[in-house]
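S.K.:
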Ligand SMILES: Nc1ncnc2c1ncn2[C@@H]1O[C@H](COP(=O)(O)OP(=O)(O)OP(=O)(O)O)[C@@H](O)[C@H]1O
Ligand SMILES: [Mg+2]
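Protein chains in written order, with our numbering: chain A, 9 to 262; chain B, 652 to 934.
1) Pull out every residue of the segment 152-172 of chain A whose Cβ sits closer than 7 Å to any Cβ of chain B, in chain order.
2) Residues of chain B with CB closer than 9 Å to the CB of residue 258/A, please, in chain order.
3) Ignore the nearest five residues each way along the sequence and tell me which others in residue 871/B's own chain have a CB closer than 7 Å to its CB.
4) Can you pull out the residues from the segment 730-753 of chain B whose beta carbon lies closer than 7 Å to at least one beta carbon of chain A?
5) Can you find the residues in the same chain that come closer than 7 Å, C-beta to C-beta, to residue 719/B, ignoring five residues on each side of it along the sequence?
6) So which residues on chain A does residue 776/B lean against when the C-beta distance must stay under 7 Å?
7) In this structure, what does DSSP give as the bridge partners for residue 733/B?
8) Could you tell me which residues DSSP pairs with residue 694/B in its beta bridges?
9) For the alpha helix (DSSP H) holding residue 878/B, just list the boundary residues, first then last.
10) Taking the beta strand (DSSP E) that residue 627/B falls in, what are its first and last residues?
11) Given a limit of 8 Å on CB to CB distance, which residues of the segment 866-894 of chain B reach chain A?
12) Is it true that the CB of residue 143/A sits closer than 8 Å to the CB of residue 184/A?
13) If you compare alpha carbons, which of 660/B, 864/B, 883/B is closest to residue 755/B?
14) Leaving aside the five residues before and after residue 841/B along the sequence, list all residues of the same chain whose C-beta is less than 7 Å from its C-beta, in chain order.
15) Can you find a CB in chain A that lies within less than 8 Å of the CB of residue 680/B?
16) When you check each C-beta in the segment 94-110 of chain A against every C-beta of chain B, which residues fall closer than 9 Å?
17) Return the chain-ordered list of same chain residues with a C-beta closer than 6 Å to the C-beta of residue 88/A, the five sequence neighbours on each side being excluded.
18) Spell out whether any CB of chain A is found under 8 Å from the CB atom of residue 758/B.
19) Pull up the distance between the alpha-carbon of residue 778/B and that of residue 138/A, whole angstroms please.
20) Does the beta carbon of residue 870/B fall short of 7 Å from some heavy atom of ligand 1?
21) Per DSSP, what are the beta-bridge partners of residue 897/B in this structure?
22) So residue 643/B is in the alpha helix (DSSP H); what residue range does that whole segment cover?
23) For the segment 38-58 of chain A, enumerate the residues whose C-beta is nearer than 7 Å to any C-beta of chain B, in chain order.
24) Using 8 Å as the threshold, is the segment 101-110 of chain A in touch with the segment 50-60 of chain A, meaning 3 or more CB pairs across them?
25) Relative to the alpha-carbon of residue 680/B, which residue among 669/B, 694/B, 741/B has its alpha-carbon at the smallest distance?
26) So, with DSSP's three-state summary, where would you put residue 9/A?
27) Counting beta carbon pairs with one atom in the segment 753-771 of chain B and one in the segment 824-837 of chain B, are three or more of them shorter than 8 Å?
28) If residue 158/A sits next to residue 792/B, beta carbons under 8 Å apart, how far is it from one beta carbon to the other, in whole angstroms?
29) Is residue 882/B a contact residue of ligand 1, with contact defined as CB to any heavy atom under 7 Å?
30) Indicate whether at least one CB of chain B lies closer than 8 Å to the CB of residue 86/A.
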């Protein structure tokens, strides 16, 4: 409770500082709108629905692409860990592609899929997939062989061992890979949305882009604020509970 | 808190649970001419050289030998986790080809699963028994947790347990699927003397009441003399069976008794002989 109050106080004072700087008129109000103006934009955009719609579209692209990335990446990672031939091929490819900043997929996606939803999904999947494969592969390779042996003597076999022993044992690695994949996907999706207008739906990135076109700084800052908020929310509601569970079970927290 | 008696099952216990907890006749084991070598950077290491031994039903056999004489390797081969280069292992008249839960291993290292709590660990082996319902499984798991005196900790995480408690959970987990044979690889080596003494008592009690065949590996000759019906002495480089000692002392045995100490010092003398000559002793 005390920590929550401190956090809130910190952010309140940030906004206060911002308001004071605007008051001091160091920069023109066109370049640095007041918190009130940003709030007003958010209010009107929420009322006419553009904000919700854009958020929904962006989050939908992100979630669908992310899930595809996980559903593909985790089994692939398990497989590259299981078979050396896959490790040397797909594993090496994944390692190479994780080093590629995921924004670099945007031009390729546009050429392949045109200005479509598919292009957006592709970018998100590419952001997620490779780091999930690498993390899963690494995780499995770090599982102490003794766990497998213990399970074998208790009568566990092939598929059962993979599902009930190797997968959970590798979970701390897999989750950190999922987190990294999420961050990559989120960044590349924003880049893609800012670069290109997709006619099938206006995402947050597009709102940001048009904010710049219209010189509407309040819109730009408001949308950035929303983007940060979504990122924070995902972390706090999705990853934090899983990580807390892992820390508690493994005893890795202080 | 520690086991000093056999448990009465409450009258409400279902028949499936009673059957699960029933005693099965222990298995017989035959190891014949088993050899095993490993490749290492400095060349091949002969871990086991033509090892043969027999274990009778319900016997408590201790294997003693210097570090590196292949005791763990032999247990792994008996368990079916590793293949011998030559020779055979026969359990209950069947050749051992792969691991199976009739021969459960309690490993030298900690092998409890950190992603499961204490109860989850004990349940793991029971989940592989399809004829039990989940409720039955829990009941059986709790029975064994009580047997090792850890009922209160069934919801604890593994990292929250002390070393001795972990070994108790490992023991409960190994006992729960009701294996005919237990292979124990220096299970108590890392524990303090007091905890160890308690566990000696528990183990003898369980062995007697549940009629299991136990192969118990240890460095500690006193431990071997305290637990075993028979003690087999290994010599290293290459790992060979050297000598056998019958321990005909009444049970339960007290590790501090003088009779036991006499046996232990006899074994110790032999053991030292093999170690000094590095195993290359004339026959
Ligand atoms: N997987 C392996 N690869 C290479 N060498 C091995 C392997 N496992 C065992 N060895 C070698 O085989 C020999 C016997 O090892 P083992 O673990 O069976 O000994 P041990 O009797 O159990 O020793 P300790 O009492 O120290 O546990 C040792 O020299 C060891 O170096
Ligand atoms: Mg060993």
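The C-beta atom is built at its ideal place from N, Cα and C for all residues, glycine as well.
M.R.: Quick look at the numbers:
1) 154, 155, 157, 158, 160, 161, 162, 163, 164
2) 765, 766, 808, 809, 810
3) none
4) 730, 732, 750, 751, 752
5) 887
6) 162, 163
7) Answer by DSSP bridge pairing: none, since residue 733/B is not bridged.
8) 691/B
9) 872-878
10) Because residue 627/B is not part of the residues shown, which for chain B are 652 to 934, the question remains open.
11) none
12) yes
13) 864/B
14) 814
15) no
16) none
17) 94, 95, 98, 99, 145
18) yes
19) 34 Å
20) yes
21) 881/B
22) Residue 643/B falls outside the range modelled here, since chain B spans only 652 to 934, and no answer is possible.
23) none
24) no
25) 741/B
26) coil
27) yes
28) Actually they do not touch by this definition, with Cβ atoms about 16 Å apart.
29) no
30) no
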